[in-house]
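Peer 1: I have a structure I would like to understand better, so I am pasting it below and will then ask my questions one at a time.
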Amino acid sequence: MFTAYRAATALVDTAAAEHQYLTAARNAIKAGKDGLILHMECPECDRVPSGRDGDPHVTVMTTSGFPVVVIGCEGYWVVNPAAVGVGHLAPNWEA
Ligand SMILES: [Zn+2]
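Quick note on the working numbering: the sequence shown kicks off at 1381 and runs consecutively.
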């Protein structure tokens, strides 16, 4: 079982902010950045995303070739935004 990290309500809760977060998280994960806490299971439903069309989870493939959850099925940001350089987008994000 993975520790459930989740974002508190983001101050800047817009599609643009989510896009910036997703881009930053994807780049950090693809680069194999050290120190990231990654989840193969969604902290919100404790499931491994199916990867099928219509699955609400947003995942990114790691350099090791397994998918990790970046945005959970309820829309929370799963990877610490500060750890991928965009902490200003979600100052209330907490573990
Ligand atoms: Zn989920």
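Beta carbons are placed, not taken as given, at the ideal position from N, Cα and C, and that holds for glycine.
Check whether the region 1397 to 1414 and the region 1447 to 1462 touch, using three or more Cβ-Cβ pairs below 8 Å as the test.
Peer 2: Taking 8 Å as the limit for Cβ pairs, the verdict is that the region 1447 to 1462 does touch the region 1397 to 1414.
Peer 1: Within the same chain, show all residues whose beta-carbon is closer than 8 Å to that of residue 1465, passing over the 5 residues directly before and after it, in chain order.
Peer 2: Stepping through the sequence shown from its first residue, residue 1465 is reached at position 85. Counting only Cβ-Cβ distances below 8 Å, and skipping sequence neighbours, we find 1404 and 1408.
Peer 1: Got a list of residues with beta-carbon closer than 6 Å to any non-hydrogen atom of ligand 1, in chain order?
Peer 2: Going by the Cβ distance cut-off, the answer is 1422, 1424, 1425, 1427, 1437, 1452 and 1453.
Peer 1: Around the Cβ of residue 1423, are there at least 16 other Cβ atoms within 10 angstroms (buried) or fewer (exposed)?
Peer 2: To locate residue 1423, count along the sequence shown from 1; it is residue 43. Under this definition residue 1423 is a buried residue.
Peer 1: Given a threshold of 16 other Cβ atoms within 10 Å of its Cβ, counted over all protein chains shown, does residue 1473 qualify as buried or as exposed?
Peer 2: To locate residue 1473, count along the sequence shown from 1; it is residue 93. Result: buried.
Peer 1: Count the other C-beta atoms from every protein chain shown that fall within 10 angstroms of the C-beta of residue 1437, then say buried if there are 16 or more, exposed otherwise.
Peer 2: For the purposes of this step, residue 1437 is taken as the residue at position 57 of the sequence shown. Label assigned to residue 1437: buried.
Peer 1: Under DSSP, the beta strand (DSSP E) around residue 1488 begins and ends at which residues?
Peer 2: Residue numbering for the chain in the displayed model covers 1381 to 1475; residue 1488 lies beyond these limits and cannot be assessed.
Peer 1: How long is the line joining the alpha carbons of residue 1455 and residue 1415, rounded to whole angstroms?
Peer 2: In the sequence shown, counting from the first residue as 1, residue 1455 sits at position 75. In the sequence shown, counting from the first residue as 1, residue 1415 sits at position 35. Approximately 23 Å between the Cα atoms of the pair.
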